[in-house]
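Peer 1: Take a look at this one; I'll ask things after.
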Amino acid sequence: MSSVAAAGFFLLSGCDKQPGGQVVAVVGKEEVTLKELRAEARTQPDSSGPEVEAANAAALKKLIDRNVLADYARSEGLDRDPDYVERRRQFDQTLLAALAIRKLAGAPATPSDAEVEAFVADNPTLFGGRQQLDLEEIRIPRPSDAGVVSKLTALQSLDAIAARLQAQGIAFERGKAVLDTAAVDAEIGKQIVSLPDGEVFDITREGSTYFAIITGRRPAAADREAWKAAASQLLQRQRSGTAIEAEVARLRTAARIQYDTAYKPKTASS
């Protein structure tokens, strides 16, 4: 076979992909699979109907547009851009780390009835002692200096905290809220419910710090029959988390890690 004929053969072979079976579309040389389509549309394999068809159609258009744009980017050499290379590396590492965590978590053993009962007894704010707390609160972006939070909490008055924030030019929001004790860590929940109404406390969640006082409280315990399943799931999650932390610590110890002097953690031994 001549070199020209061989080149033609390989070109045709590269374009020979056809939709069908698990392949719902072909964009250039890239296949769009049924699995990709369902993931993008968030539809189940056994689902059907007009809504599912509409979701699949919209998802397929999005996938095709994405492939077309990706082909264009490669043709323009954007896949060799340093920014792309770095972001691709970050994405790969994030995905691999997530897969590693899933593997390390495994399938923890189902807790015994005695373990579940002990867990329920040790964490009352999640079960029998669960409450809904009416709060008056002030919210600010989480300060980088933890000392700022402790000094503001020590003022023990939301009015005084608001005045201090205004004087320092720190933006804040003030309002009312309801806190379900089952929505926070059990130990934190215990500390909060033990406070008398009107005493200022602080809690930091999702990048924000809240200064709050309890203005009312009411029982919010779920049906006792639901406790066992919820407690079992929480116990399994805790055990998985503990196992993962231990394994990551072991992997860090085994890895050869070298730091620039300026970035070396104080606790690092290497």
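Numbering-wise (full-length UniProt numbering), the sequence shown opens with residue 1 and increments by one. Ideal Cβ positions, reconstructed from N, Cα and C, are used throughout, including at glycine.
So, is L152 buried or exposed, given that buried needs 16 or more other C-beta atoms within 10 angstroms?
Peer 2: The residue labelled residue 152 in the question sits at position 152 within the sequence shown. By the neighbour-count rule (16 or more Cβ atoms within 10 Å), L152 is buried.
Peer 1: Tell me where the alpha helix (DSSP H) around T253 begins and ends.
Peer 2: Here residue 253 refers to the residue found at position 253 of the sequence shown. Start and end: R224 to A254.
Peer 1: Which of the three DSSP states is assigned to Y263 in this structure?
Peer 2: Position 263 of the sequence shown, counted from the start, is the residue given in the question as residue 263. Looking at Y263 - three-state DSSP - the assignment turns out to be helix.
Peer 1: When the Cα atoms are used, what is the spatial distance from A105 to Q238?
Peer 2: For this step, residue 105 is matched to residue 105 along the sequence shown. For this step, residue 238 is matched to residue 238 along the sequence shown. Between A105 and Q238, the C-alpha separation is close to 10 Å.
Peer 1: Have a look at I161 and G198 and give me their C-alpha separation to the nearest angstrom.
Peer 2: For this step, residue 161 is matched to residue 161 along the sequence shown. For this step, residue 198 is matched to residue 198 along the sequence shown. Looking at the two C-alpha atoms, the distance is approximately 14 Å.
Peer 1: Decide if T181 is buried, meaning its Cβ has at least 16 other Cβ atoms within 10 Å, or exposed.
Peer 2: Reading the sequence shown from its first residue, position 181 is the one you call residue 181. Burial call: buried.
Peer 1: Could you name the residues of the same chain whose beta carbon sits closer than 8 Å to that of G207, not counting the 5 residues immediately before and after it, in chain order?
Peer 2: Taking the first residue of the sequence shown as 1, we reach residue 207 at position 207. Contacts found: P141 and R142.
Peer 1: Count Cβ pairs between the region 209 to 227 and the region 123 to 136 that sit closer than 8 Å; are there 3 or more?
Peer 2: Because the criterion of three Cβ pairs below 8 Å is met, the region 209 to 227 and the region 123 to 136 touch.
Peer 1: Taking the C-alpha atoms as reference points, what is the distance between E247 and Q258?
Peer 2: Reading the sequence shown from its first residue, position 247 is the one you call residue 247. Reading the sequence shown from its first residue, position 258 is the one you call residue 258. Approximately 20 Å, taken between the alpha carbons.
Peer 1: Do T204 and V148 have their CB atoms nearer than 9 Å?
Peer 2: On the sequence shown, residue 204 is found 204 positions in, with the first residue counted as 1. On the sequence shown, residue 148 is found 148 positions in, with the first residue counted as 1. Contact: no.
Peer 1: Can you say whether A6 is buried or exposed, counting buried as having 16 or more other CB atoms within 10 angstroms of its CB?
Peer 2: As a first step, residue 6 must be located in the sequence shown, where it is residue number 6. Any reading at A6 must be qualified, since the residue scores a pLDDT of 36, below 50, and its modelled position is unreliable; the value itself is stated next. The residue is exposed, with fewer than 16 neighbouring Cβ atoms inside 10 Å.
Peer 1: For the putative contact between V68 and V27, defined by C-beta atoms under 8 Å, what is the C-beta separation to the nearest angstrom?
Peer 2: The residue labelled residue 68 in the question sits at position 68 within the sequence shown. The residue labelled residue 27 in the question sits at position 27 within the sequence shown. The pair is a contact, with the Cβ atoms about 6 Å apart (cut-off 8 Å).
Peer 1: Considering only DSSP beta bridges, list what F201 is partnered with.
Peer 2: Stepping through the sequence shown from its first residue, residue 201 is reached at position 201. Answer is A212.
Peer 1: Using beta-carbon positions only, say whether residue 274 and Q191 come within less than 9 Å of one another.
Peer 2: Only positions 1 to 270 of the chain appear in this structure, which leaves residue 274 out of reach.
Peer 1: A7 by DSSP, collapsed to three states: which one?
Peer 2: Locating residue 7 in the sequence shown gives position 7, counting from the first residue. Caution applies to A7, whose pLDDT of 33 falls short of 50 and renders its modelled position unreliable; the model cannot decide the point.
Peer 1: Could you check the C-alpha separation between G241 and P111 for me, to the nearest Å?
Peer 2: Position 241 of the sequence shown, counted from the start, is the residue given in the question as residue 241. Position 111 of the sequence shown, counted from the start, is the residue given in the question as residue 111. Answer to the nearest angstrom: the Cα atoms are 15 Å apart.
Peer 1: Grouping DSSP H, G and I as helix and E and B as strand, with all else coil, what is E206?
Peer 2: To locate residue 206, count along the sequence shown from 1; it is residue 206. Looking at E206 - three-state DSSP - the assignment turns out to be coil, as it is neither helix nor strand.
Peer 1: In three-state terms, what does DSSP make of R130?
Peer 2: Locating residue 130 in the sequence shown gives position 130, counting from the first residue. In this structure, R130 counts as coil in the three-state DSSP scheme.
Peer 1: Residue ranges of each beta strand (DSSP E) run of no fewer than 3 residues wholly in the region 9 to 57, ordered along the chain?
Peer 2: Entirely contained in the region 9 to 57, the beta strand (DSSP E) runs reaching 3 residues are, in chain order, 23 to 27 and 30 to 33.
Peer 1: Express the C-alpha separation of K17 and residue 280 in angstroms, rounding to a whole number.
Peer 2: Nothing about residue 280 can be read from this structure; the chain reaches only from 1 to 270.
Peer 1: Exposed or buried, which one is V120 when buried takes at least 16 other CB atoms within 10 Å?
Peer 2: Here the question's residue 120 lines up with position 120 in the sequence shown. Counting Cβ neighbours within 10 Å, V120 comes out buried, since at least 16 surround it.
Peer 1: Is the CB-CB distance between R42 and A57 below 9 Å?
Peer 2: To locate residue 42, count along the sequence shown from 1; it is residue 42. To locate residue 57, count along the sequence shown from 1; it is residue 57. Against a cut-off of 9 Å, the Cβ pair of A57 and R42 comes out as no contact.
Peer 1: Span of the alpha helix (DSSP H) holding L165?
Peer 2: Position 165 of the sequence shown, counted from the start, is the residue given in the question as residue 165. From DSSP, the alpha helix (DSSP H) with L165 extends over L158 to A167.
Peer 1: Check each candidate in D260, R252, Y263 and I244 and name the one with the smallest Cα separation from L99.
Peer 2: Numbered from its first residue, the sequence shown carries residue 99 at position 99. The residue with the shortest Cα to Cα distance from L99 is I244.
Peer 1: Among E36, L179, S232 and A167, which one has its Cα closest to the Cα of Y210?
Peer 2: Against the sequence shown, residue 210 aligns to sequence position 210. The shortest Cα separation from Y210 among E36, L179, S232 and A167 belongs to L179.
Peer 1: Since V32 and L63 should fall inside the 8 Å C-beta cutoff, what is the C-beta to C-beta distance between them, to a whole number of angstroms?
Peer 2: Position 32 of the sequence shown holds residue 32. Position 63 of the sequence shown holds residue 63. Right, the Cβ-Cβ distance comes to about 5 Å (below 8 Å), so this counts as a contact.
Peer 1: Closest by CA to P124, which one among L251, E187, L195 and R38?
Peer 2: Indexing the sequence shown from 1 puts residue 124 at position 124. Out of L251, E187, L195 and R38, E187 has the C-alpha closest to the C-alpha of P124.
Peer 1: Can you tell me the Cα-Cα spacing of D46 and A229, whole angstroms?
Peer 2: Counting from 1 along the sequence shown, the entry for residue 46 is found at position 46. Counting from 1 along the sequence shown, the entry for residue 229 is found at position 229. Rounded to the nearest angstrom, the two C-alpha atoms are 28 Å apart.
Peer 1: Could you tell me the distance, in whole angstroms, from the CA atom of A114 to the CA atom of A221?
Peer 2: Taking the sequence shown and counting its residues from 1, one reaches residue 114 at position 114. Taking the sequence shown and counting its residues from 1, one reaches residue 221 at position 221. In a straight line, the C-alpha of A114 is about 21 Å away from that of A221.
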